[in-house]
Structure formats: structure tokens, C-alpha cells
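*Asks:*
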Amino acid sequence: MTTSDPTVTGETTYDVVIVGGGPVGLLLAYQLKKFGISVCVLEQHKKETQDAYGRAIALFPRTLEQLDQLGAVEPMLQLGFACRNSVTYKNGERIIPGRVWTFMENIKDTTFDFTLVLRQMYTEEILREKLKSVGVSYYQGMECVGFDCDPNKAPDGFPMTSTYQNAVTGETFYLKRKSTSLSHDSKYLIGADGGRSFVRRHAGIPFEGDISEDRWIRIDGIVETDMPITRAYGAIESETHGNVLWAPLDHGAIRIGYAYSAEIAAKYPNGVTQEVAVQEAIEAMKPFKVSFREVHWWTLYTIGQRIAKTFATANNHVFLCGDAAHTHSSGAAQGLNTGIHDAVNLGWKLALHIRGLTKPEVLETYTAERLTTVQRLIDYDKDIATLMSSKWPAWYTGDPNADPHLVLGQIFDEAAAFNTGLGISYPANVLNDLGSVSYTNNSSQCVLAPGSRPPDVDLKMPATNQLVRLQKITPNNAQFWVIIFAGNNSPSIQETLGALQRYLRDTAPELISHKSIRWLTITTAVGCSPYEALGMDPLGDAYFDAAKPLAHGRLGVDMEEGAAVILRPDGLVGATASAYGEGHTQYPWLAIL
1 MTTSDPTVTG
11 ETTYDVVIVG
21 GGPVGLLLAY
31 QLKKFGISVC
41 VLEQHKKETQ
51 DAYGRAIALF
61 PRTLEQLDQL
71 GAVEPMLQLG
81 FACRNSVTYK
91 NGERIIPGRV
101 WTFMENIKDT
111 TFDFTLVLRQ
121 MYTEEILREK
131 LKSVGVSYYQ
141 GMECVGFDCD
151 PNKAPDGFPM
161 TSTYQNAVTG
171 ETFYLKRKST
181 SLSHDSKYLI
191 GADGGRSFVR
201 RHAGIPFEGD
211 ISEDRWIRID
221 GIVETDMPIT
231 RAYGAIESET
241 HGNVLWAPLD
251 HGAIRIGYAY
261 SAEIAAKYPN
271 GVTQEVAVQE
281 AIEAMKPFKV
291 SFREVHWWTL
301 YTIGQRIAKT
311 FATANNHVFL
321 CGDAAHTHSS
331 GAAQGLNTGI
341 HDAVNLGWKL
351 ALHIRGLTKP
361 EVLETYTAER
371 LTTVQRLIDY
381 DKDIATLMSS
391 KWPAWYTGDP
401 NADPHLVLGQ
411 IFDEAAAFNT
421 GLGISYPANV
431 LNDLGSVSYT
441 NNSSQCVLAP
451 GSRPPDVDLK
461 MPATNQLVRL
471 QKITPNNAQF
481 WVIIFAGNNS
491 PSIQETLGAL
501 QRYLRDTAPE
511 LISHKSIRWL
521 TITTAVGCSP
531 YEALGMDPLG
541 DAYFDAAKPL
551 AHGRLGVDME
561 EGAAVILRPD
571 GLVGATASAY
581 GEGHTQYPWL
591 AIL
């Protein structure tokens with residue numbers, strides 16, 4: 001539903017109201033609706049008249065995995081450019097091995113072994129279609145002008161009240177709760193309304209950080225060039241324009257990005273125009289020749305890093321996501337990826353909390369988990385933004401005449417797992433039982449670390465023997481997954497599963513019947529059916545570990561003893577335990593459910 005003039009419907013309240021209809025707000029709304037939560041999105045701008053192109057372009061592997069688990073990635077794969085290669089040039093010569101973007105060439109342990117380059121306009125169009133497919137209420141041209149939280153309303157009530165105006169006419173519109181109401185009530189309000197977030201400011205959340213003197217230009221279009229390699233992520237090391245970005249875009253377009261230094265700005269006392277942006281892009285690419293056939297979008301912006309002091313307030317009834325919670329340069333192309341990680345982290349936690357399936361401690365981990373990761377990004381971004389502008393970070397005490405591009409390349413190389421998102425992990429908390437790792441049979445090869453993403457492994461579908469990825473079997477449906485690796489011969493599979501089933505029946509029956517828990521059995525035994533392979537019914541669905549390499553070995557699970565692995569709804573490991581049953585209660589279910 002898309003309109004600039006909301007009409008009153010039978011649904012007068014929502015569980016969640018999201019302010020901001022960019023990709024982060026859209027994805028969060030799509031998740032919540034899929035998870036059974038009523039949600040409304042209000043966007044200030046008329047998207048038909050907003051910048052058609054530009055803004056965020058790169059979706060890294062972990063982001064693509066998360067979109068895939070939510071059923072949103074396939075239309076993006078149809079439109080985007082899958083980039084697996086990088087190139088670095090200096091003085092017209094190719095540097096081998098390259099620097100900065102070479103991590104794109106060494107992505108492993110994921111189906112998405114590439115960076116998907118897709119301009120934000122297309123990402124938003126796809127996500128708006130996803131909203132339409134699940135029936136989310138979406139209004140554009142509506143500006144949030146106020147909200148408050150009534151602490152006297154019961155936890156199951158609707159304590160949030162928010163008011164909106166038509167962004168063009170200034171007229172106040174509302175969804176009626178009572179005949180005299182000029183506002184809209186909800187349980188939760190989420191600010192996904194960008195770096196100048198009204199929600200953040202009105203909530204009084206400090207936005208801490210710095211704005212530098214450095215400015216960058218980004219320009220997109222269709223170009224012609226004599227640069228030898230054009231459809232690879234490129235870094236052109238320029239003496240005048242810093243570390244110049246060459247990014248191949250969807251539909252054959254290109255983005256060029258460069259530092260707009262004080263020396264360059266002095267050449268244009270009347271300010272920056274599109275003609276200036278084009279001319280300096282041509283200069284930045286020298287000695288290669290570049291000409292623009294079309295210019296789709298350009299921008300000049302100031303570099304800075306800022307982060308909200310908290311991502312939640314009003315007793316966890318107001319949340320921030322994306323640029324509303326943190327801003328930084330586009331140097332590592334992490335802005336949209338980080339915002340999507342915010343949305344995924346918050347979505348399932350908020351849904352389970354609203355449905356009464358988890359305790360408040362789970363929802364409280366949103367700020368703690370995302371703040372630690374974003375703060376790391378902020379610190380990292382300060383260094384790369386400075387180096388990309390051909391300057392030295394404050395901590396640098398080496399040779400001032402050294403090549404900053406070399407240090408920049410080293411930083412990118414060291415942060416490869418962070419950049420792809422595959423190596424992001426969260427500290428111990430109620431969800432991440434770091435003390436449980438001993439249950440994975442003390443295997444030195446175990447890679448199942450609580451708070452971290454497990455490698456995606458292939459399994460075989462019973463009967464058809466089709467290969468199926470573990471992440472496809474365990475989508476993000478706002479449910480925890482308990483995966484039983486049934487073991488092999490010592491003890492027998494029947495003894496292992498029998499012991500576990502008796503344990504669950506007699507000691508923890510709530511773990512079988514709980515709405516937010518699903519079970520899965522993985523066995524190295526292969527048969528015509530799971531029952532014949534196991535000699536008994538499995539726990540949940542069953543898959544055969546018969547692909548090469550074996551999932552047991554890839555994950556470091558003992559072939560004989562097996563293990564239990566608990567996955568959070570977002571696919572991260574929560575805990576590991578013995579396959580027999582003892583140890584399952586070590587994962588703090590009672591604090592969660």
C-alpha cells in the first residue's frame with residue numbers, strides 16, 4: 001500500500017511503526033511482517049522525485065546470506081553485477097598483487113563468493129515489492145513531527161504515540177485511534193530515517209563523533225575509457241586525488257570516487273557543479289582517458305564518523321537502525337551492509353519479544369551487539385578515510401614520506417573478514433554461550449564458535465540426493481534451530497537419539513513444544529529414507545551428511561560422538577552441546593524463553 005494521503009482503515013494500531021523508507025527500514029518491515037508482526041512504514045520523501053541513482057552500491061557476502069535467508073536476494077541477483085575481481089593502478093601501471101579491494105578475490109566458505117554491486121534505487125524498488133507481497137502499510141511523503149512514550153501503559157499496551165505531516169503541504173495526517181486523535185499509536189517506534197534522524201534527535205540520544213575537513217566526490221554514469229580492466233573493483237593511486245575508486249555498477253555503469261582536496265577546491269571559487277565533478281573525475285583517472293556519455297548522479301560530501309550513544313531508549317520502545325544510529329565514510333562501502341545487519345539483528349529479536357516468546361534480556365542484546373561491531377567500524381573507517389585522502393592517521397609514527405597507499409592496502413587486507421561480514425562475531429551474552437564450546441568434543445578443528453557465523457556446508461536431501469545448503473535449510477523464520485549431528489558408530493545412532501529423546505521427554509519437554517524452536521537431524525548414515533538410515537524417527541527433518549567434504553569434518557564435529565549445535569534465528573551459533581542430551585540446559589533457555 002503506497003499513498004501520500006493515508007486513509008483510515010480497520011487497523012488503528014500497529015506493533016511497530018518505522019520512520020524511514022530506505023533499504024534498512026524496508027527490510028526491517030518486511031522481516032517483521034513475515035514474522036507475524038503488524039508494521040507500518042512512513043517515508044518523508046516522494047521516491048519518484050528523489051535522486052534516481054547513486055547512494056549505496058555494494059552488498060557483501062554476509063549481507064547477501066542474510067537477504068537470502070529472508071527470501072529477498074534473488075531479484076537483486078537478477079539486476080546486480082557480481083564482482084569477483086579487483087585491480088590497482090599507479091601511474092598507468094597495474095600493481096600485482098593489487099591493494100585495497102583484493103579481498104574480493106579470496107572469499108571462501110560461502111555461496112556468495114562475490115560482491116554484488118547494485119545501486120540503491122534498485123535495492124529499494126525490490127524491497128518495496130517485497131513489502132507489497134506481504135501486505136505492509138507503506139506511506140510516503142509523510143514526515144514524523146513528534147512522538148512520546150506513555151510509561152503508564154501496560155507492557156502489552158501501545159505506549160508509543162507519533163504524529164506525522166504531509167511533507168509537501170504541511171497538513172497533519174493521522175491514523176485514528178480515537179475520533180479526536182491526531183496521532184498514531186504503536187508498541188514500538190524505530191528510527192531508520194538517516195544521518196539527520198528526527199527520531200534520534202527527538203529521543204535526545206547523543207550522536208558522538210567527529211566531522212573532518214576532508215571531502216569526497218562520487219559520480220556515476222556511462223563512460224568510455226582506455227583503462228585495460230574496467231569490470232573489476234579498482235583503486236587508482238593518484239598523487240592529486242587520493243585513492244580513486246573505480247566501481248563497476250549494474251547496467252554497465254561506473255562509479256568514480258575521489259578526494260576533493262583544498263587544492264582542487266581552490267580551482268573552483270564558485271563551487272562544485274556537475275561539470276566540475278566530471279572534469280575532476282577525468283583528472284583523477286589520468287593517465288587513462290575517460291569520457292562520460294551519461295551522468296546519472298553525483299555528490300560532494302564531507303567525511304566524518306559518528307555513532308549514537310545508544311541504539312535504544314524509552315525502556316526499549318524506541319530503536320535506531322542504519323544511518324540514524326551511525327554514519328561514516330563510503331571508503332570501505334560498509335554503510336548499507338552495516339544497516340542491513342542492524343535490521344536483521346533487531347528484526348527477529350523484536351518479533352519474538354512482541355509475540356511473548358522470549359524474555360526482555362534477548363531484546364536488550366540488540367544495542368550491545370550492534371554497538372560493539374559499529375564502534376569497530378567507526379575506528380577502522382577513520383583510518384581508511386584519512387589514508388584514502390593521502391593523509392596519515394594520528395597514530396602513524398613511521399616515515400612521513402612513505403606511500404600511504406601501502407598502509408591502506410595492509411589495513412584492508414587485515415580487515416578482510418570484517419569487510420565481507422563473514423568474520424563478524426558478537427561477545428558473550430544471554431544468546432552467545434561462549435562457555436559451551438567444550439561440548440563439541442574438545443575438537444581442535446571445531447569452528448563452531450558461539451556468537452559467530454558457521455561455515456555454510458552442503459548436505460543431501462533424502463531420496464533425491466540433491467545438494468542443499470545448511471543456510472537454505474535453516475532460514476531466518478524467527479526461530480532457534482537445534483541441529484543434532486547424530487554421530488556414527490560409538491555409541492549407535494539409535495542409542496544417541498534415543499537418549500536425547502528420553503531426555504527431552506522426561507527433563508525438558510518445553511524444548512520440543514516451544515514455538516520458537518525447531519529441530520534438525522544430520523547423519524552420516526544414508527538410506528532410502530531417514531527412518532531406514534537412522535533406524536528410528538529423527539528429531540525434526542533429517543538430512544544426510546554425504547556431500548564432499550563432509551559437514552562433520554568441515555565444522556569440526558567428531559564423526560563418532562556427534563554434537564548438538566544451537567543456531568540463533570540469524571544463523572549465528574548460540575551454543576554447542578553433547579548429542580546425548582546432557583549439556584542442552586547449559587544454553588540459557590530459561591533466560592531466553
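Here the sequence shown is numbered in UniProt numbering, starting from 1 and rising by one per residue. Glycine included, every Cβ here is placed at the ideal spot set by N, Cα and C. Here the structure is a predicted model, which is why all the values come from computation and not from measurement.
#1: Does the contact criterion of 3 or more C-beta pairs under 8 Å hold for the region 388–402 versus the region 72–80?
#2: Please classify residue 595 as buried or exposed, where buried requires at least 16 other C-beta atoms within 10 Å of its C-beta.
#3: Mapping the DSSP letters down to three states, classify residue 242 as helix, strand or coil.
#4: Relative to the alpha-carbon of residue 80, which residue among 66, 58, 99 has its alpha-carbon at the smallest distance?
#5: Determine the DSSP secondary structure at residue 296, reduced to helix, strand or coil.
#6: Hey, residue 479 and residue 360 are a contact pair by Cβ (cut 8 Å); roughly how many whole angstroms apart?
#7: Does the beta-carbon distance from residue 235 to residue 420 come in below 8 Å?
#8: Please state if the CB of residue 331 and the CB of residue 323 are separated by a distance shorter than 8 Å.
#9: Closest by CA to residue 618, which one among 368, 239, 228?
#10: Does the beta-carbon distance from residue 54 to residue 192 come in below 8 Å?
#11: From what residue to what residue does the alpha helix (DSSP H) around residue 276 run?
#12: Is there contact here, the region 243–259 with the region 212–226, by at least three beta-carbon pairs under 8 Å?
#13: Can you list, in chain order, the residues of its chain whose CB lies under 6 Å from that of residue 607, leaving out five sequence neighbours each side?
#14: Let me know the alpha helix (DSSP H) ranges lying completely inside the region 20–64, each 4 residues or longer, listed in chain order.
#15: Go ahead and pull the three-state DSSP assignment for residue 578.
#16: Just the C-alpha distance for residue 2 and residue 140, rounded to the nearest angstrom, thanks.
#17: Please report the straight-line C-alpha distance between residue 496 and residue 429, rounded to a whole angstrom.
#18: Taking the straight line between their C-alpha atoms, what separation do you get for residue 537 and residue 520?
#19: If you measure between the beta carbons of residue 28 and residue 333, is that distance less than 8 Å?
#20: Whose C-alpha, out of 540, 552, 352, is nearest the C-alpha of residue 448?
#21: Using a Cβ-Cβ cutoff of less than 7 Å, which residues in the same chain neighbour residue 423 once the five nearest sequence positions on both sides are dropped?
#22: Return the first residue and the last residue of the beta strand (DSSP E) that residue 212 is part of.
#23: Could you check which residue in 571, 40, 425, 17 has the C-alpha nearest to that of residue 606?
#24: Verify whether the separation of the beta carbon atoms of residue 302 and residue 211 is less than 8 Å.
#25: Figure out for me which residue from 25, 13, 24 has the closest Cα to the Cα of residue 38.
*Replies:* In short, the structure shows the following:
#1: no
#2: In the structure displayed, the chain extends from 1 to 593; residue 595 sits before or after that span and is not available.
#3: strand
#4: 58
#5: strand
#6: 19 Å between Cβ atoms; not a contact.
#7: no
#8: no
#9: No answer is possible for residue 618: it lies beyond the span of the chain, which begins at 1 and ends at 593.
#10: no
#11: 274–284
#12: yes
#13: Within the shown structure, residues of the chain are numbered from 1 to 593, placing residue 607 beyond reach of any answer.
#14: 23–34
#15: coil
#16: Because residue 2 sits at a pLDDT of 45, beneath the cut-off of 50, its placement in the model cannot be relied upon, and the following sentence gives the value as read from the coordinates. The alpha-carbon atoms of residue 2 and residue 140 are separated by roughly 7 Å.
#17: 30 Å
#18: 11 Å
#19: no
#20: 552
#21: 417
#22: 207–225
#23: There is no way to answer for residue 606, as the model of the chain reaches only from 1 to 593.
#24: yes
#25: 13
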